[in-house]
Every structure is written in structure tokens, then in C-alpha cells.
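Visitor: Protein sequences, first through last, are from chains A and B.
Take 1187 as the starting number for the first sequence in our numbering and just add one per residue.
Take 1187 as the starting number for the second sequence in our numbering and just add one per residue.
There are 2 protein chains.
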Amino acid sequence: MTSTAGTADSIASTVKVLAFDIFGTVVDWHGSIEREMQALYPAVDGDAFALAWRAGYQPAMARVMRGEQGWTLIDDLHRSILDEILPRFGLAHLSEVERRHLNRVWHRLDAWPDSVEGLKRLKTRFIITTLSNGNIGLLTHMAKRAGLPWDCVLSAEVFRAYKPDPATYLGVARVFDAAPSQVALVATHHDDLAAARGCGLRTAYIERPHELGAARPKDGAPQPGNDLHATDLIDLARMLGC
Amino acid sequence: MTSTAGTADSIASTVKVLAFDIFGTVVDWHGSIEREMQALYPAVDGDAFALAWRAGYQPAMARVMRGEQGWTLIDDLHRSILDEILPRFGLAHLSEVERRHLNRVWHRLDAWPDSVEGLKRLKTRFIITTLSNGNIGLLTHMAKRAGLPWDCVLSAEVFRAYKPDPATYLGVARVFDAAPSQVALVATHHDDLAAARGCGLRTAYIERPHELGAARPKDGAPQPGNDLHATDLIDLARMLGC
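#1: For the beta strand (DSSP E) that contains arginine 1388 (chain A), what are its first and last residues?
#2: Closest by CA to aspartate 1363 (chain A), which one among B:Arg1388, B:Ala1382, B:Asp1351, B:Ile1260?
#3: Excluding the 5 residues preceding and the 5 following lysine 1202 (chain A) in the sequence, name in chain order all residues of the same chain whose CB lies nearer than 8 Å to its CB.
#4: Quick check: aspartate 1337 (chain A) and threonine 1316 (chain B), are their CB atoms within less than 7 Å of each other?
#5: Quick one: using the 10 Å Cβ neighbour count with 16 as the cut-off for buried, is serine 1301 (chain B) buried or exposed?
#6: Mind checking the region 1335-1363 of chain B against chain A and listing, in chain order, the residues whose C-beta falls within less than 8 Å of any C-beta there?
#7: Does the distance from the C-beta atom of alanine 1329 (chain A) to that of proline 1350 (chain A) stay below 7 Å?
#8: Using a Cβ-Cβ cutoff of 7 Å, what residues of the region 1317-1328 of chain B are near chain A? List them in chain order.
#9: What separation, rounded to the nearest whole angstrom, lies between the Cα atoms of proline 1273 (chain B) and proline 1335 (chain B)?
#10: Closest to arginine 1221 (chain B) by C-alpha separation, out of B:Ala1191, B:Arg1265, B:Phe1235, would be which residue?
#11: On the criterion of 16 or more Cβ atoms from any shown chain inside 10 Å, does valine 1291 (chain A) qualify as buried, or is it exposed?
#12: Give the secondary structure of threonine 1211 (chain A) by DSSP, where H, G and I count as helix, E and B as strand, and everything else as coil.
#13: Are any of the Cβ atoms in chain B nearer than 7 Å to that of lysine 1330 (chain A)?
#14: Is the CB-CB distance between alanine 1198 (chain B) and leucine 1426 (chain B) below 7 Å?
#15: Go ahead and label histidine 1279 (chain A) buried or exposed: buried means 16 or more other beta carbons lie within 10 angstroms of its beta carbon, across all protein chains shown.
#16: Could you check what DSSP says for histidine 1287 (chain B) in three-state terms: helix, strand or coil?
#17: Per DSSP, what are the beta-bridge partners of valine 1372 (chain B) in this structure?
#18: Three or more C-beta pairs closer than 8 Å, one from the region 1387-1396 of chain A and one from the region 1405-1425 of chain A: is that the case here?
#19: For isoleucine 1208 (chain A) and aspartate 1231 (chain A), I'd like the C-alpha separation in whole angstroms.
#20: Residues in the same chain with beta-carbon distance under 7 Å from leucine 1305 (chain B), minus the five sequence neighbours each way, listed in chain order, please.
#21: Can you tell me whether serine 1318 (chain A) is helix, strand or coil according to DSSP?
#22: Between which two residues does the beta strand (DSSP E) harbouring serine 1199 (chain A) extend?
#23: Assuming leucine 1371 (chain B) and tyrosine 1355 (chain B) form a contact by the criterion Cβ under 8 Å, report the distance between their Cβ atoms to the nearest whole angstrom.
#24: For alanine 1332 (chain A), count the other beta carbons within 10 Å of its own beta carbon; 16 or more makes it buried, fewer makes it exposed. Which is it?
#25: Could you tell me the distance, in whole angstroms, from the CA atom of leucine 1340 (chain A) to the CA atom of threonine 1211 (chain A)?
#26: If contacts are defined as beta-carbon pairs under 8 Å, then glutamate 1343 (chain B) and isoleucine 1322 (chain B) qualify, I think. What distance do you get, rounded to the angstrom?
#27: Quick check: the Cα distance between arginine 1285 (chain A) and arginine 1360 (chain B), rounded to an integer number of angstroms?
#28: Could you pull out every residue in the same chain whose Cβ sits closer than 6 Å to the Cβ of tryptophan 1298 (chain B), ignoring the five residues on either side in sequence?
#29: Assuming contact is defined by CB atoms lying nearer than 7 Å, are leucine 1308 (chain B) and alanine 1423 (chain B) in contact in what I supplied?
#30: Helix, strand or coil, according to DSSP, for alanine 1234 (chain A) in the structure here?
#31: Apart from the five residues on each side of it in sequence, which residues of its chain come closer than 8 Å, Cβ to Cβ, to isoleucine 1271 (chain B)?
#32: Which residues of chain B have a Cβ atom closer than 7 Å to the Cβ of isoleucine 1208 (chain A), listed in chain order?
#33: Where does alanine 1229 (chain A) land, buried or exposed, given buried means 16+ other C-beta within 10 angstroms?
#34: Taking 7 Å as the cut-off, decide whether the C-beta atoms of asparagine 1289 (chain A) and leucine 1263 (chain A) are in contact.
#35: For glycine 1399 (chain B) versus aspartate 1233 (chain B), is the C-beta spacing smaller than 7 Å?
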């Protein structure tokens, strides 16, 4: 939206690989969980439930990265956070089968309306890969259901480190035998983008004003460090001549 | 082709993930390399060159698996074998740029004529993933060029072990939170299939009579251990009701 045509041209001509953050950037975790709760447990405040579940995510990854817990897939982190928050929402009685089913909602997240078309267009010119803390199985199930046309599914699971560990960003470059500057991270989170930039990657910020729900609009003002700033993935495709 | 309808039905109802061997099973490495040599270096016997290159592959992986050499991507193993065989074919004079280009022929292998349609049909009912000793970058470039519609790109690189190490077959099951019996390996090599079977996977043999060139037909007679025996990937899709 706001980047200069020169920057977009330089990225279009040098970057080979676009690596995408997933939760919030490509799929709508908040709205999907809220809708699932509405369908399954309508008495529960789905908005608060989605936020509580997601709030446990960074602390749980931090425990693993500090070595307090061995390497853990996000499916298992999601499950332990779920078990922790269920009583707070009056759902302590859920059975093992119901908990397993609910935990898999992260495999069933809906894409933002522009994601499939944007990715299809970007794929014509770039290698498009996930770079998510979500595990490979989760990302694959999600892609199959939502029609996300990845060339490749890369995850923290491949690098045994979660973002923002440099091993993840540099790992993408190494997998594709590319220089860090030939890889761009696409994300709606400035901390993720800043860490990628610190490793020499190019960056594209995607506005997702409703990542935290329609009632809680996110500040999507451009920040100077990012190479590109797009309203959505179709806007990014347009900028990059796809 | 020759398996009973009962076995095919049982696989169609229990298996969730089809993991595909790539070199020989999905793509024609021999013919592709022969054609590339014909185009680039027509004085060289492309058939013999392809066989010599591939012949170095198993011994090179065995050195890594015995610990004589650290973990190495197949791109790098292919390159060291290439450097070794070039003088034998009168190509010792090739420059670094020419060697790099030629080594990437493994990223440019052509699919067998039935592969894309067969995979598209199988993808409607199963998760379809690579399970190859080829590295992720190689497999991704190959898929993009040949139009192979993988749901996921799994490789020895993810598991830090080459097939037939059990870590690879069991790794696929673990990635998808599946029992080994919910995964089937699809391959044209009996040793690969036998190792997968030893880990509890189901197996499907694909005849590829010309894997080693039209002049060297391979014996594709059914072997009793495999659950399914198909002439090609369209035949496999048909058997599995896709």
C-alpha cells in the first residue's frame, strides 16, 4: 500500500522465497475459534475464550526455549493451555474425546478472504512456504481444508526452534540454498518481522485489523523498518507484479 | 493391478497419509538426465552417465549413515559424485558454474506421464506427501516445475536420517499424529517398501519398468509382501477409489 514502487521492484527481482507467518497473517484464528465455540458451546464467551487460549501460547513456547521443557509440538502446547483454561470457562467436564476435537480447531482455522487468491498469485512468481511455529501436521491439515497452495510446509518443527529464534529465519534460506536477502518474511506481527530483518531477510507487513476480533482493531500504521506494507495478500501480489 | 479389492478397500478406509518415494517412483531420473546430457553435452553417453551418477548415491548415503561424514544434503552428495565421475566422461574441464547448473538437473527431473493426474486424484482422499532422501529445496523446486501437488514436503532432511532408517517412516506417522498402519509408502523399490513394512506401514508397489532406461526393463513382478501393486499412479488412484 505505502511502500515505494522501487522497493517492490527490488524485492520482485531479488527475492526467491516468500515465507509466511500463519496465525493471524494467513488465517483468522480469533474468528475461527469464536465461531467454533459458538457452534459447540454457545453459553461460553467465544471471544474471551479465543483470547485466553492464544494468550497462553507465547509463555508456553518461552518455557520450551528456556529449556524448562523438552521440544514440544504446538499441538501439545495448545492442549496443555486448553486443559488449563477450560475450568475458567465452565468446561471442566469436557471428555478426552471432546478436548481432542476442540484442540484440533487450530487445524481447522479459516483463511482470511484474500489469502487463497493472494497466495495463488504470489506462487506464480515466488516459492511460497509457511514459516510458522505451528507443527507440520497442523499446517498440512489446515492447508488442505482451506485450500492454501503452499509449495512447501516449513515449521518450527523442522528447525527445532520457535520464531523468533534466528535458526528459523536462516533455516529457510539454507533450505533453499539462498542468501537471507533472497527470502522475505510476510507477517502481521512487527516482532516477528524485526527478528527476520535482524537475520538479513526482507520483510512485508500485512495489516490484519481484526486479528484480535472486530471489537479490538489493531494499529496497522506502517513502521519504517519493513520493506513492504500491504493491506492484504492480494495487495501484496499486486505490489510484486503477480 | 493384482491386489484384491478387499485389501484396497481396507487401505482406503484406514490409511490417512500416502508417502511417496520420488526418484524413480514419481519422476524419471534416468530419462531426464539422459535428455539433459543430450542437450548440453551430446558427445557423452547420457545413459551411462545417468547410471554412473545414480550408482554413487547409495554408497555416499551409507558413508553418512555410518558416521564417516557429517549430515549431508543430497544436493551436496550429488555434487561430490558428479565431481568424481566427470573426468571419466571427458568432462573434467567443466567450470564451477557449469557444474552447479548440471547438479541442479536433479531439481528439474520430469514426472512420469501419469504422476500429476494420479497425485491429483489421490489428493482428494488422502494427505499426499513426499518421503524422499532428496532435500526439501530439491523436492520443492522439482514439484513447482513438474506441477506435483504435494500437501507436504517431507524429506530425510527433516528427520536427519535417510531411508531405509526407521526414523524416516515412523517420522511420517508422528508428524501426522497417526499410527504406522495409517500411513502407506508408495514406491517402486522393494527394499524401501520392505523397510516401511518392518515399521508397520502399509505398502504400495508401483511398476516403473523403464526406471533404468528403456533398454534395461525392470522386473515388476508382484511380490507377496506388498499390500498393493499398481502399474502407475493413475492405476493406484483407481484402486483406492479416487
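Cβ coordinates follow ideal geometry from the N, Cα and C atoms, glycine included.
Guide: The short version:
#1: Translated into the one-based positions of the first sequence, residue 1388 (chain A) becomes position 202. Residues 1388-1392.
#2: Locating residue 1363 (chain A) in the first sequence gives position 177, counting from the first residue. In terms of CA proximity to aspartate 1363 (chain A), B:Ile1260 leads the group B:Arg1388, B:Ala1382, B:Asp1351, B:Ile1260.
#3: Taking the first sequence and counting its residues from 1, the one referred to as residue 1202 (chain A) is at position 16. Closer than 8 Å at Cβ, skipping near neighbours: Phe1312, Ile1313, Phe1362, Ala1364, Gln1368, Val1369.
#4: Within the first sequence, residue 1337 (chain A) is the residue found at index 151, counting from 1. Within the second sequence, residue 1316 (chain B) is the residue found at index 130, counting from 1. Between aspartate 1337 (chain A) and threonine 1316 (chain B), the C-beta gap is not smaller than 7 Å, which leaves the two residues out of contact.
#5: One-based indexing of the second sequence puts residue 1301 (chain B) at position 115. Result: buried.
#6: Cβ contacts with chain A come from Asp1337, Cys1338, Val1339, Leu1340, Glu1343, Val1344, Val1361, Phe1362, Asp1363.
#7: Here residue 1329 (chain A) corresponds to residue number 143 of the first sequence, with the count starting at 1. Here residue 1350 (chain A) corresponds to residue number 164 of the first sequence, with the count starting at 1. In this structure, proline 1350 (chain A) does not lie closer than 7 Å to alanine 1329 (chain A) by Cβ.
#8: Taking 7 Å as the Cβ-Cβ cut-off against chain A, the residues of the region 1317-1328 of chain B that qualify are Ile1322, Gly1323, Thr1326.
#9: Translated into the one-based positions of the second sequence, residue 1273 (chain B) becomes position 87. Translated into the one-based positions of the second sequence, residue 1335 (chain B) becomes position 149. The straight-line gap separating the alpha-carbon atoms of proline 1273 (chain B) and proline 1335 (chain B) is approximately 38 Å.
#10: In the second sequence, counting from the first residue as 1, residue 1221 (chain B) sits at position 35. Checking every option, the nearest Cα to that of arginine 1221 (chain B) belongs to B:Phe1235.
#11: As a working note, residue 1291 (chain A) is residue 105 in the first sequence. Result: buried.
#12: Here residue 1211 (chain A) corresponds to residue number 25 of the first sequence, with the count starting at 1. Residue state for threonine 1211 (chain A) is assigned as coil, using DSSP reduced to three classes.
#13: Here the question's residue 1330 (chain A) lines up with position 144 in the first sequence. Yes, contact with chain B.
#14: One-based indexing of the second sequence puts residue 1198 (chain B) at position 12. One-based indexing of the second sequence puts residue 1426 (chain B) at position 240. Yes; because the gap between Cβ atoms is below 7 Å, this pair is in contact.
#15: Translated into the one-based positions of the first sequence, residue 1279 (chain A) becomes position 93. It counts as exposed.
#16: Numbered from its first residue, the second sequence carries residue 1287 (chain B) at position 101. Correct three-state label for histidine 1287 (chain B): helix.
#17: Working through the second sequence from its first residue, we reach residue 1372 (chain B) at position 186. Looking at the DSSP assignment, valine 1372 (chain B) forms a beta bridge with B:Phe1206, B:Ala1390.
#18: By the Cβ rule, the region 1387-1396 of chain A counts as touching the region 1405-1425 of chain A, because three or more pairs are nearer than 8 Å.
#19: As a position in the first sequence, residue 1208 (chain A) is number 22, starting the count at 1. As a position in the first sequence, residue 1231 (chain A) is number 45, starting the count at 1. For isoleucine 1208 (chain A) and aspartate 1231 (chain A), the distance between alpha carbons rounds to 24 Å.
#20: Within the second sequence, the letter at position 119 stands for residue 1305 (chain B). Cβ neighbours of leucine 1305 (chain B) beyond the five flanking positions: Ile1314, Leu1334, Pro1335, Leu1419.
#21: The residue you call residue 1318 (chain A) lines up with position 132 of the first sequence. Here serine 1318 (chain A) sits in strand by DSSP.
#22: Numbered from 1 along the first sequence, position 13 holds the residue referred to as residue 1199 (chain A). Element bounds for serine 1199 (chain A): not the beta strand (DSSP E) but the alpha helix (DSSP H), 1191-1200.
#23: Here residue 1371 (chain B) corresponds to residue number 185 of the second sequence, with the count starting at 1. Here residue 1355 (chain B) corresponds to residue number 169 of the second sequence, with the count starting at 1. That pair is a contact at about 7 Å.
#24: To locate residue 1332 (chain A), count along the first sequence from 1; it is residue 146. By the beta-carbon neighbour count (other beta carbons within 10 angstroms, threshold 16), alanine 1332 (chain A) is buried.
#25: Your numbering for residue 1340 (chain A) matches position 154 in the first sequence. Your numbering for residue 1211 (chain A) matches position 25 in the first sequence. If I take the Cα positions, the gap works out to 15 Å.
#26: In the second sequence, residue 1343 (chain B) corresponds to position 157, counting from 1. In the second sequence, residue 1322 (chain B) corresponds to position 136, counting from 1. Contact flag correct, Cβ pair sits at about 5 Å.
#27: The count along the first sequence starts at 1 and reaches residue 1285 (chain A) at position 99. The count along the second sequence starts at 1 and reaches residue 1360 (chain B) at position 174. Near 20 Å, if we compare the C-alpha coordinates of arginine 1360 (chain B) and arginine 1285 (chain A).
#28: Reading the second sequence from its first residue, position 112 is the one you call residue 1298 (chain B). Excluding residues within five positions, the ones whose Cβ falls inside 6 Å are Asp1214.
#29: Stepping through the second sequence from its first residue, residue 1308 (chain B) is reached at position 122. Stepping through the second sequence from its first residue, residue 1423 (chain B) is reached at position 237. Yes.
#30: Locating residue 1234 (chain A) in the first sequence gives position 48, counting from the first residue. Of the three classes helix, strand and coil, the one that applies to alanine 1234 (chain A) here is helix, per DSSP.
#31: Within the second sequence, numbered from 1, the residue matching residue 1271 (chain B) stands at position 85. Within the same chain, isoleucine 1271 (chain B) has close Cβ partners Phe1235, Ala1238, Trp1239, Gly1242.
#32: By 1-based counting over the first sequence, the position of residue 1208 (chain A) is 22. Among the residues of chain B, none has a CB under 7 Å from the CB of isoleucine 1208 (chain A); the nearest is roughly 14 Å distant.
#33: Walking along the first sequence from the start, residue 1229 (chain A) turns up at place 43. A residue is called buried when at least 16 other Cβ atoms come within 10 angstroms of its Cβ; alanine 1229 (chain A) does not meet this threshold and is exposed.
#34: Reading the first sequence from its first residue, position 103 is the one you call residue 1289 (chain A). Reading the first sequence from its first residue, position 77 is the one you call residue 1263 (chain A). Their beta carbons are not under 7 Å apart, which means asparagine 1289 (chain A) does not touch leucine 1263 (chain A) by this criterion.
#35: By one-based count along the second sequence, residue 1399 (chain B) stands at place 213. By one-based count along the second sequence, residue 1233 (chain B) stands at place 47. Yes; because the gap between Cβ atoms is below 7 Å, this pair is in contact.
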